[in-house]
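Colleague: Residue numbers (this note's numbering): 1 to 333.
Ideal placement from N, C-alpha and C gives every residue a C-beta, glycine not left out.
Keep in mind the model is a prediction, meaning the values are calculated, not measured.
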């Protein structure tokens, strides 16, 4: 499998569609991977659009689309995206299941958006793995495929070579997560900026907001979040943040959880880790300096939180991602 960082071998993404395909999910995958992005100064993905069934595909809503590639393209793709499936109870074409199985066996990364998880399940790729799909379909997936460990209230699940995402728009979160893994946080942030997306919604965030946010509070919270981003180096507590937002601690905690799925302190830690990733990619400064700039009280705290969220140490992350984009590049979202 070609390395995403080998300028002579950009990774290939195959986006697979069938009759009855939802245009939104398909368009999200195409819109993220297919555009040429010379401003990123990386060997950006090569994208192939693949029809899993013959002829022009009858997309959801009656549109007909003729895709340039067939299933043969899956035999050479580094990443495969299955953006939905028309009927969870219908077995997908055997040719598609066989192509996905072959790709998985040779080490390709296979991903799904929303109901696309059922295609992976029919292929047996989710057996013994954790996976998710749209919250309205999680019970159906669990009943139909008991060997799958279905997670019903997360945005996406990363099992290494297999990734599944929840409802339609969460596919963008998962795909930005792939970009972040392949190219680093700085590139992912720049892509998110161009797509006008949040650069990072944590995978563990709930699919559903239990309560609506009272009128006026989103603006107040948005201002607090922006202030926190500008003041990452400072020491913060729930009490100081509540004072800054002119809210009680209890109200701030509740409203923050409703808006982000996280407590204010957990959200702050994730912002600090995200900023530390950019610093590691674009500077050669010591880890102590990076930890201080990102607002961590000690290197020990920095390393612990970084490894917990990124899955590797700051030093290992820097070795992999340093100099992907010049240090004077515009900071992303």
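In whole angstroms, give me the CA-to-CA distance for residue 231 and residue 182.
Modeller: Sequence index remark: in the chain shown, residue 231 carries index 231 (1-based). Sequence index remark: in the chain shown, residue 182 carries index 182 (1-based). Between residue 231 and residue 182, the C-alpha separation is close to 29 angstroms.
Colleague: Quick one: residues in its chain with C-beta nearer than 6 angstroms to the C-beta of residue 318, no 5 flanking neighbours on either side, listed in chain order?
Modeller: For the purposes of this step, residue 318 is identified with residue 318 of the chain shown, where counting begins at 1. Result list for residue 318: 280, in chain order.
Colleague: Output the distance between the C-alpha atoms of residue 175 and residue 29, rounded to the nearest integer angstrom.
Modeller: Residue numbering aside, residue 175 sits at position 175 when the chain shown is read from its first letter. Residue numbering aside, residue 29 sits at position 29 when the chain shown is read from its first letter. Rounded to the nearest angstrom, the two C-alpha atoms are 8 angstroms apart.
Colleague: According to the Cβ coordinates, are residue 113 and residue 160 closer than 8 angstroms?
Modeller: In the chain shown, the residue the question calls residue 113 occupies position 113. In the chain shown, the residue the question calls residue 160 occupies position 160. No. Outside cutoff.
Colleague: Suppose the cutoff is 7 angstroms on Cβ atoms and the five residues either side in sequence are ignored; what does the same chain contact list for residue 293 look like?
Modeller: If you number the chain shown from 1, residue 293 lands on position 293. The residues are 233 and 279.
Colleague: Have a look at 62, 54, 25 and 78 and flag the residue whose alpha-carbon is nearest the alpha-carbon of residue 45.
Modeller: As a first step, residue 45 is located in the chain shown; it is residue number 45 there, counting from the start. With distances taken between Cα atoms, residue 45 lies closest to 78.
Colleague: Pairs of beta-carbons, one from the stretch 42 to 60 and one from the stretch 131 to 146, closer than 8 angstroms: are there three or more?
Modeller: Because the criterion of three Cβ pairs below 8 angstroms is not met, the stretch 42 to 60 and the stretch 131 to 146 do not touch.
Colleague: Between the stretch 83 to 95 and the stretch 145 to 159, are three or more C-beta pairs nearer than 8 angstroms?
Modeller: No, because fewer than three Cβ pairs between the stretch 83 to 95 and the stretch 145 to 159 fall closer than 8 angstroms, the two stretches do not touch.
Colleague: Rounded to a whole number of angstroms, what is the C-alpha to C-alpha distance between residue 61 and residue 195?
Modeller: Here residue 61 refers to the residue found at position 61 when the chain shown is read from its first residue. Here residue 195 refers to the residue found at position 195 when the chain shown is read from its first residue. Straight-line Cα distance between these residues: approximately 25 angstroms.
Colleague: When you compare the CB positions of residue 157 and residue 131, do they come within less than 8 angstroms of one another, or not?
Modeller: For the purposes of this step, residue 157 is taken as residue 157 along the chain shown, with counting starting at 1. For the purposes of this step, residue 131 is taken as residue 131 along the chain shown, with counting starting at 1. Cβ atoms of residue 157 and residue 131: closer than 8 angstroms.
Colleague: Look at the Cβ atom of residue 36, then the Cβ atom of residue 110, and state whether they are nearer than 8 angstroms.
Modeller: As a position in the chain shown, residue 36 is number 36, starting the count at 1. As a position in the chain shown, residue 110 is number 110, starting the count at 1. No, Cβ-Cβ distance for residue 36 and residue 110 is not below 8 angstroms.
Colleague: Do you know offhand how far residue 211's Cα is from residue 263's?
Modeller: Here residue 211 refers to the residue found at position 211 of the chain shown. Here residue 263 refers to the residue found at position 263 of the chain shown. The predicted position of residue 211 is uncertain, since its pLDDT is 41 and thus under 50; a value taken from the coordinates is nonetheless stated next. Whole-angstrom Cα-Cα distance: 15 angstroms.
Colleague: From the DSSP output, in three-state form, read off residue 150 for me.
Modeller: Indexing the chain shown from 1 puts residue 150 at position 150. Here residue 150 sits in strand by DSSP.
Colleague: At 4 residues or longer, and completely inside the stretch 41 to 103: list those alpha helix (DSSP H) runs for me, N to C.
Modeller: Counting only runs of 4 or more, we get nothing.
Colleague: Rounded to whole angstroms, how far is the Cβ of residue 135 from the Cβ of residue 166, which I believe are closer than 8 angstroms?
Modeller: Indexing the chain shown from 1 puts residue 135 at position 135. Indexing the chain shown from 1 puts residue 166 at position 166. Indeed, because the Cβ distance is near 7 angstroms, the residues count as touching under 8 angstroms.
Colleague: Mapping DSSP to helix, strand and coil, what is residue 136?
Modeller: As a working note, residue 136 is residue 136 in the chain shown. Three-state DSSP puts residue 136 in coil, outside helix and strand.
Colleague: Only counting the same chain, and skipping five residues up and downstream in sequence, which positions put a Cβ closer than 8 angstroms to that of residue 32?
Modeller: Taking the chain shown and counting its residues from 1, the one referred to as residue 32 is at position 32. Cβ neighbours of residue 32 beyond the five flanking positions: 172, 175, 176, 179, 191 and 195.
Colleague: Applying the criterion that 16 or more other CB atoms from any shown protein chain within 10 Å of the CB defines a buried residue, is residue 335 buried or exposed?
Modeller: No statement about residue 335 is possible, as the shown extent of the chain runs from 1 to 333 and does not include it.
Colleague: On the CB-based measure, 16 or more other CB atoms within 10 Å of its CB, does residue 315 come out buried or exposed?
Modeller: Within the chain shown, residue 315 is the residue found at index 315, counting from 1. Per the 10 Å Cβ criterion, exposed.
Colleague: Return the first residue and the last residue of the beta strand (DSSP E) that residue 36 is part of.
Modeller: Counting from 1 along the chain shown, the entry for residue 36 is found at position 36. Where residue 36 is concerned, there is no enclosing beta strand (DSSP E), given that its DSSP letter is neither H nor E.
Colleague: Which residue marks the beginning of the beta strand (DSSP E) containing residue 111, and which one marks its end?
Modeller: For the purposes of this step, residue 111 is taken as residue 111 along the chain shown, with counting starting at 1. From DSSP, the beta strand (DSSP E) with residue 111 extends over 109 to 112.
Colleague: Just to check my reading of the structure: residue 16 and residue 50 have Cβ atoms closer than 8 angstroms, yes? What is that Cβ distance to the nearest angstrom?
Modeller: Counting from one through the chain shown, the residue named residue 16 turns up at place 16. Counting from one through the chain shown, the residue named residue 50 turns up at place 50. With a Cβ gap of about 5 angstroms, residue 16 and residue 50 count as contacting.
Colleague: Report back the beta-carbon spacing between residue 239 and residue 272 to the nearest angstrom; my notes put them in contact at under 8 angstroms.
Modeller: For the purposes of this step, residue 239 is taken as residue 239 along the chain shown, with counting starting at 1. For the purposes of this step, residue 272 is taken as residue 272 along the chain shown, with counting starting at 1. 19 angstroms between Cβ atoms; not a contact.
Colleague: Residue range of the alpha helix (DSSP H) that residue 173 falls in?
Modeller: Translated into positions along the chain shown, residue 173 becomes position 173. Here the alpha helix (DSSP H) through residue 173 covers 170 to 183.
Colleague: Which residue marks the beginning of the beta strand (DSSP E) containing residue 126, and which one marks its end?
Modeller: Reading the chain shown from its first residue, position 126 is the one you call residue 126. Neither: residue 126 is in no beta strand (DSSP E) and is coded neither H nor E.
Colleague: Kindly list the residues whose CB is nearer than 6 angstroms to the CB of residue 85, restricted to its own chain and excluding five residues on each side of it in sequence; keep chain order.
Modeller: Numbered from its first residue, the chain shown carries residue 85 at position 85. For residue 85, where only same-chain residues beyond five positions count, the Cβ hits under 6 angstroms are 115, 116, 118 and 119.
Colleague: At the level of alpha carbons, what is the spacing between residue 253 and residue 102?
Modeller: Working through the chain shown from its first residue, we reach residue 253 at position 253. Working through the chain shown from its first residue, we reach residue 102 at position 102. C-alpha separation (whole angstroms): 48 angstroms.
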